[in-house]
Amino acid sequence: YILDNIEIVTKYSHVWIPDDDLDSSAEILSAFFSAAQKENVKLAQPSLTLDSFYSHLITLSFPFSYSRAVSFVEVMAPLFSRDALLDCLWTFNLNESGWGLEELWFKILSSKSDFKSNNIVIYDCFSIKHTRPVGAQNRGLRKHSDSPMAEQTKIQKHWNLRNKRTIFSINYE
């Protein structure tokens, strides 16, 4: 869709690509978009509520935190700046599940000359709920596809990536 509509997509400062099993309000999402745009982040996501299904502890909401500068935004809910989207777009077809792309996105974006440690953010003040168990459905995978975990392993091996989740700073604003 993005490639077929690149002229439309690139008119926006940020593009969110959420999974279909996220629950939020329009107010939270509007504030999330506004903060990302105002703060000029390259890649962001809302944190997950504490009652969410989750895969990565780093994505759960930190109490009393506004946001965290991190090395990891989950494929389930990434918000890309226009430039980051264009930088990472080629990765979207590397596998079917999307698992393992997060570390590659960090590697791509952190290699840019204008990268700062606060360019990738999880917003704790804007939490959404992930409503279904992670990976249980294997939706979107073809009959002969590798499992999401196998796809992640292939991506990590090919690009020399590690499962490293770093919090660079916490903003209590």
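If you count the sequence shown from 1, you need to add 389 to reach my numbering.
Where is the CB? At the ideal position from N, CA and C, for every residue including glycine.
The model shown is predicted, which means the values in this text are computed figures rather than measured ones.
Should SER516 and SER450 be called a contact, given that it needs their Cβ atoms to be closer than 8 Å? The residue you call residue 516 lines up with position 127 of the sequence shown. The residue you call residue 450 lines up with position 61 of the sequence shown. In contact: SER516 and SER450 (Cβ atoms closer than 8 Å).
Out of LYS427, ALA424 and ALA466, state which residue places its alpha-carbon closest to the alpha-carbon of TYR443. Here residue 443 refers to the residue found at position 54 of the sequence shown. Considering only alpha carbons, the answer is ALA466.
Below 6 Å CB to CB, which residues in the same chain sit around ILE556 once its five sequence neighbours on both sides are set aside? As a first step, residue 556 is located in the sequence shown; it is residue number 167 there, counting from the start. Closer than 6 Å at Cβ, skipping near neighbours: ARG457 and VAL459.
Give the straight-line distance between the Cα atoms of ASP513 and ASP440, rounded to the nearest whole angstrom. Along the sequence shown, read from residue 1 onward, the residue named residue 513 stands at position 124. Along the sequence shown, read from residue 1 onward, the residue named residue 440 stands at position 51. Going by the C-alpha atoms only, they are around 14 Å apart.
Start-to-end residues for the beta strand (DSSP E) that takes in LYS518: Counted from its first residue, the sequence shown places residue 518 at position 129. Counting along the chain, the beta strand (DSSP E) containing LYS518 begins and ends at 509 to 519.
Between which two residues does the beta strand (DSSP E) harbouring LEU418 extend? Against the sequence shown, residue 418 aligns to sequence position 29. Careful: LEU418 lies outside any beta strand (DSSP E), inside the alpha helix (DSSP H) at 415 to 427.
Check the C-beta distance from ILE511 over to LEU498 and give it rounded, since I have them as a contact under 8 Å. By 1-based counting over the sequence shown, the position of residue 511 is 122. By 1-based counting over the sequence shown, the position of residue 498 is 109. Contact flag wrong, Cβ pair sits at about 15 Å.
With which residues is PHE469 paired in a DSSP beta bridge? Here residue 469 refers to the residue found at position 80 of the sequence shown. According to DSSP, which records beta bridges pairwise, PHE469 is partnered with VAL404 and LEU432.
Where do the ends of the beta strand (DSSP E) carrying SER499 lie? Working through the sequence shown from its first residue, we reach residue 499 at position 110. No beta strand (DSSP E) contains SER499, which is instead part of the alpha helix (DSSP H) from 490 to 499.
Tell me whether ILE544 sits in a helix, a strand or coil according to DSSP, three-state version. Taking the first residue of the sequence shown as 1, we reach residue 544 at position 155. Here ILE544 sits in helix by DSSP.
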